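Some notes on the structure that comes next.
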Amino acid sequence: PFLNTPKSEFASITVEQALNHPTWKMGKRITIDSATLMNKGFEVIEACRLFQVAPDRVQVIVHPQSTIHSMVEFVDGSLLAQFSVTDMRLPILYALTHPERIASEMRFSVMDLRHLDFCPPDVAKFPCLRLAYEAAEAGGAKTIALNAADEVAVAAFLEERIGFEEIPQIIEEVMAATPVGSLESIKKVLALDAEARQLAEEMARQRSRSASPVRAIP
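Residue numbering for the sequence shown follows my numbering, starting at 24 and increasing by one per position.
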């Protein structure tokens, strides 16, 4: 929703404005993630894991009409694009029935298309996407910290305890405090997740009122 909003106005963005997505009807967290472009960042990480490709081979393209949801480029230079209605039930349906496809009432007509717009994302304006790429490159602990910090920061914004522009600030600080490394067990994953959430919450509290200095994750 803030594609054409100047970054200088991000500090005054309200929860209501951020939840007013122009094309999708989704839950609150993913709607805010869409507004910060963090949702695209998570999709980059997902694509890297699912298809075993490096982050620099996954490109994010801003497409205001939300008509094309993904594209794959083949070795001969041709592109295969997936068009569909903007309805979260469709990807959920496919996720539940994969590798099969079952009939649904959701229909999309290319005759309804008037034009398709594309542009590169502005990572200076939307730093969450940059942070997600950095986490994808580092892997392991950084991806856990990214998700944990985002969830806490988004919740704090929805509760009006921090501003919209402070979401990526908290995430970046938590990631900076998280050492690079792999996690060999689910126990370590859960422990790091809890540490990152606690640190993000401390940072959110600092931004809403004075508090003691923020510590680093050991």
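Built from N, CA and C at the ideal position, the CB exists for glycine as well. Quantities reported herein were computed from a predicted structural model and do not represent experimental measurements.
Taking Thr59 as the centre and dropping the five residues before and after it, the same chain places the C-beta of Phe149, Cys151, Ile190 and Pro191 closer than 7 Å to its C-beta, in chain order. Around the beta carbon of Lys165, a 10 Å sphere encloses 16 or more other beta carbons of the protein chains shown; the residue is thus reported as buried. Assignment of Met129 by DSSP, reduced to helix, strand and coil, places it in the coil class. As summarised for the region 75-136, the continuous alpha helix (DSSP H) elements at least 4 residues long and confined to that stretch are 112-120, given in chain order.
Ile125 sits exposed, since fewer than 16 C-beta atoms from the chains shown fall within 10 Å of its C-beta. Between Trp47 and Asp110, the alpha-carbon positions lie close to 7 Å from each other. Following the DSSP letters along the chain, one finds Val177 inside the alpha helix (DSSP H) bounded by residues Ala164 to Leu181. Unbroken beta strand (DSSP E) stretches of 3 residues or longer found wholly inside the region 139-163: none. With fewer than 16 other Cβ atoms from the protein chains shown falling within 10 Å of its own Cβ, Ser205 counts as exposed. Within the same chain, and ignoring the five residues on either side of Met198 in sequence, the residues whose Cβ sits closer than 8 Å to its Cβ are Leu154, Glu157, Ala158, Lys165, Ala168, Leu169 and Ala172. DSSP, read as helix, strand or coil, puts Glu66 in helix.
Non-local C-beta neighbours of Ser231 in its own chain, meaning closer than 7 Å and more than five positions away in sequence, comprise Arg184 and Ile185, ordered along the chain.
At the C-beta level, Val175 and Arg220 come within 7 Å of one another. With a 10 Å radius around the Cβ and a threshold of 16 neighbouring Cβ atoms, Asn43 comes out exposed.
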